[in-house]
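Numbering (this note's numbering), first residue to last: 361 to 1028. For glycine and all other residues, C-beta sits at the position ideal for the given N, C-alpha and C. Because the structure is a prediction, the values reported are computed rather than measured. To start, the structure itself, in structure tokens.
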């Protein structure tokens, strides 16, 4: 089988040839009627990307890049829906993508195959986005297939998670290690070693070897923890049974939970920032390192930090023409910058992307413009044509599960991200998710979290960042000034919310108001909203707590420890981010739950039990009830004529019957 054009050579230097592939075991399967060539070790997504499929579909007039954070689900037509990025590519599969098609007849089956032969390889999965809100994956509300009991549930198998698992094992405790990818190690290979540190491969090998201690560590790979209630996690896993991928839902009931979920690379903000051919720097590295996937043979790099220089150097060694590295910082000191200069790569500073657009509507390649990043952009530079723009962004700790566990968060102005705050009794953060920057801190924080839960002394976690004289600090996420006439939308995040800067600017209530039409906001949406002034920094934590996780949860008994209740004389004021969410004249009501539970803030209220779309919500709980009463205090946009009418509150993924009992008024 000939190598697809978008693969690097198997012996590409720096391990960019696809460490997870078995090139001696080629395979093929069908996707929407098209034959996809791949290798053992590929995922459905990596094989599709290697075969030149770059477009998930269109949102209005904008083509959206197929990405690890934005890919439709697939199905064989006989089994459950599966995520492309976690489903292994297997010989003989016949898959179709799930969702609204722009041209369903010509997108798959016999006509799709004929179209492919006559017109050449299709670059698109041909979906249409934006007509209806994207729903939660079906497994969010699926029944549990297996229950696992453990002392520790550890989410993320990067160095922090592996360190925590090793410490739990050494203490003779049972641990479940949950990892989205099919291999361990996380992102350490992207960042490399500093000074006298051991190489990333050495660190990972030592950690994996140390898991064989007195305890028992159960690994769950291709598994995503998507919900948490107390210390019970709900996990979706893709496994292979009888030669076919199968969806499983596992409940992990642990005494302690450690979230070592790492950090997300944010999407730089400029018109056309989700054009096919644009990829994040970390994602570009992982595609190449895991699967040998690299789109095209020319690449531009843009970055607010020094790590993208390292990737550019490695890509150049692997045969990619690095046309330019563009840094949004004015003057950069870094060993990577020095290495790039020594190799003759063209460098530019104090510039950021001003726009990107496809070269031709249905052909690969894009045109990228740059302009001054220090002050307001006044004039663009001459646009550069390329095959791929590797667009590094700022970092955002992945605290989705922390928020779902009830952990507080607030805007961290020093780092320019939404960071965790405070502590929880049985849930801890480690590594980048906790806001640490270095490998040494990630390693020690994972171990320290376990020791503290076991009541043992833990040494302090030291996060020694390289001095700025040797390594220039990261800049903020690149943001091009708002241009109403710009071609191509500026999206706030790579995920499924599809919120654009134009929509945020036009919305009376900013991003928190726009969230009513989305299943959930991404953490990147929140951070971007603060950056562009569509959300006050002081509101970021509160909005994230309500809007970043609206999907199904672990079912439980319904009992909650009540929050500090409001007194009978004082009715708490609704938070500012709910202004306008339920109309101009909402009412405040006390409501009670049929099963006597106390509702946490952020539970949406519906008129019938089958509703779950946030657009259909008629109210939301925002505070606990007065002492001795169950239910909560709600902000209502629509009140039934008969107040005894049964309503339904979505709490922990369950529709809980409730009734309005008393209208309340704020004290003047």
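- Item | Stretch-stretch touch, CB-based, cutoff 8 Å, three pairs: the segment 423 to 430 with the segment 514 to 526 | Taking a cut-off of 8 Å for Cβ pairs, the segment 423 to 430 and the segment 514 to 526 do not touch, as fewer than three such pairs fall below it.
- Nearest to residue 591 by CA position, among 885, 398, 535, is which residue? Residue 535 is the option with its Cα nearest to residue 591.
- Query: Taking DSSP as the reference, what is the three-state secondary structure of residue 390?
  - Reply: Residue state, collapsed to three classes: strand.
- Message: Short of 8 Å in beta carbon distance, which residues of its chain neighbour residue 1000, apart from the five on each side in sequence? Order them along the chain.
- Response: Excluding sequence neighbours, residue 1000 sits near 967, 1007, 1020.
- Pull up the distance between the alpha-carbon of residue 389 and that of residue 704, whole angstroms please. Approximately 42 Å between the Cα atoms of the pair.
- Query: If you draw a straight line from the alpha carbon of residue 780 to that of residue 762, how long is it in whole angstroms?
  - Reply: Rounded to the nearest angstrom, the two C-alpha atoms are 8 Å apart.
- Cut-off 6 Å between Cβ atoms - residues of its own chain near residue 922, not counting five sequence neighbours on either side: Because the pLDDT of residue 922 is 37, which lies under 50, any placement of that residue in the model is unreliable, and the number read from its coordinates should be weighed accordingly. Here residue 922 has 958, 984 as same chain residues with Cβ atoms under 6 Å from its own Cβ, once five neighbours each way along the sequence are excluded.
- Query: Does the beta carbon of residue 1007 fall short of 7 Å from some heavy atom of the ligand SAH?
  - Reply: For the structure depicted, the ligand SAH is absent and the ligand set is empty, with no information on it obtainable.
- Query: What separation, rounded to the nearest whole angstrom, lies between the Cα atoms of residue 532 and residue 611?
  - Reply: About 22 Å.
- Query: In chain order, what residues of the same chain have a beta carbon less than 6 Å from the beta carbon of residue 441, not counting five sequence neighbours either side?
  - Reply: Closer than 6 Å at the Cβ level, and outside the excluded window around residue 441, lie 433, 435, 458, 498.
- Item | residue 752 to residue 661 span [Cα, whole Å] | Computed Cα separation, rounded: 8 Å.
- Task: Under 8 Å Cβ to Cβ from residue 431, same chain only, skipping five residues before and after it: list those, please.
- Result: Sequence-distant partners of residue 431 (beyond 5 residues in either direction) whose C-beta falls short of 8 Å from its own C-beta, in its chain, are 405, 416, 443, 444, 445.
- Query: In this structure, does DSSP put residue 489 in helix, strand or coil?
  - Reply: Assigned with DSSP and collapsed to three states, residue 489 falls in strand.
- Message: Quick check on DSSP: helix, strand or coil for residue 654?
- Response: In the structure shown, residue 654 sits in coil (DSSP, three-state: anything other than H, G, I, E or B).
- Query: Considering only the beta carbon of each residue, do residue 638 and residue 683 sit closer than 8 Å?
  - Reply: No, the pair does not count as a contact, with Cβ atoms beyond the cut-off.
- Task: Counting only the same chain and skipping the five closest in sequence on each side, list residues whose C-beta sits under 6 Å from that of residue 810.
- Result: 524, 527, 528, listed in sequence order.
- Message: What does the Cβ neighbour count give for residue 824, buried or exposed, with the cut at 16 atoms within 10 Å?
- Response: The residue is exposed, with fewer than 16 neighbouring Cβ atoms inside 10 Å.
- Message: In whole angstroms, give me the CA-to-CA distance for residue 615 and residue 643.
- Response: Rounded to the nearest angstrom, the two C-alpha atoms are 34 Å apart.
- Message: DSSP has residue 789 in a bridge; who is on the other side?
- Response: Looking at the DSSP output, residue 789 bridges to 619.
- Query: With a Cβ-Cβ cutoff of 8 Å, do residue 552 and residue 689 count as a contact?
  - Reply: In this structure, residue 552 lies away from residue 689, with their beta-carbon atoms at least 8 Å apart.
- Message: Under 8 Å, with one C-beta from each stretch per pair, do the segment 650 to 660 and the segment 545 to 563 reach the 3-pair mark?
- Response: Using a Cβ-Cβ distance cut-off of 8 Å, the segment 650 to 660 and the segment 545 to 563 are not in contact, since fewer than three pairs of beta carbons, one from each stretch, lie closer than that value.
- Message: Let me check understanding here. Comparing Cα to Cα, which of 934, 881, 382, 695 lies closest to residue 974?
- Response: Of the candidates 934, 881, 382, 695, the one whose C-alpha sits nearest the C-alpha of residue 974 is 881.
- State the DSSP-derived secondary structure class of residue 1011, mapped to helix, strand or coil. The answer is strand: DSSP assigns residue 1011 an E or B state.
- Exposure of residue 565, with buried meaning 16 or more beta-carbon neighbours within 10 Å: The residue in question, residue 565, is exposed, as its Cβ has fewer than 16 Cβ neighbours within 10 Å.
- Query: Do the CB positions of residue 409 and residue 649 come within less than 8 Å of each other?
  - Reply: Going by beta carbons, residue 409 and residue 649 fall outside the 8 Å limit.
- Task: Taking residue 833 and residue 852 to be in contact with their CB atoms under 8 Å, please state how far apart those CB atoms are, rounded to whole angstroms.
- Result: Not a contact, Cβ separation roughly 24 Å.
- Query: So, are the CB atoms of residue 583 and residue 600 less than 8 Å apart?
  - Reply: It is not a contact, given that the beta carbons lie outside the stated cut-off.
- Query: Just curious, the beta strand (DSSP E) that residue 829 is in, first and last residue?
  - Reply: Counting along the chain, no beta strand (DSSP E) covers residue 829, and no H or E run does either.
- Task: Within 10 angstroms of the Cβ of residue 478, are there 16 or more other Cβ atoms? Answer buried if so, exposed if not.
- Result: Model confidence at residue 478 stands at a pLDDT of 48, short of 50, so the residue's coordinates are unreliable and nothing is read from them.
- Alpha-carbon spacing of residue 964 relative to residue 634, whole angstroms: Each residue's CA atom was taken as its position, placing residue 964 and residue 634 some 31 Å apart.
- Query: Around the Cβ of residue 807, are there at least 16 other Cβ atoms within 10 angstroms (buried) or fewer (exposed)?
  - Reply: Buried, since its Cβ has 16 or more Cβ neighbours within 10 Å.
- Item | Neighbourhood of residue 861 by C-beta, 7 Å cutoff - its chain only, sequence neighbours within 5 removed | Excluding sequence positions up to five before and after residue 861, its CB lies within less than 7 Å of the CB of 629, 842, 850, 852, 892, all in the same chain and listed in chain order.
- Message: If you follow the beta strand (DSSP E) that residue 982 is in, where does it begin and where does it stop?
- Response: Start and end: 979 to 983.
- Provide the residue(s) that pair with residue 537 in DSSP beta bridges, ordered along the chain. Answer is 514, 579.
- Query: Where DSSP assigns a beta bridge to residue 432, which residues make up the other side?
  - Reply: DSSP lists no beta-bridge partner residue for residue 432.
- Message: Helix, strand or coil, according to DSSP, for residue 796 in the structure here?
- Response: Correct three-state label for residue 796: coil.
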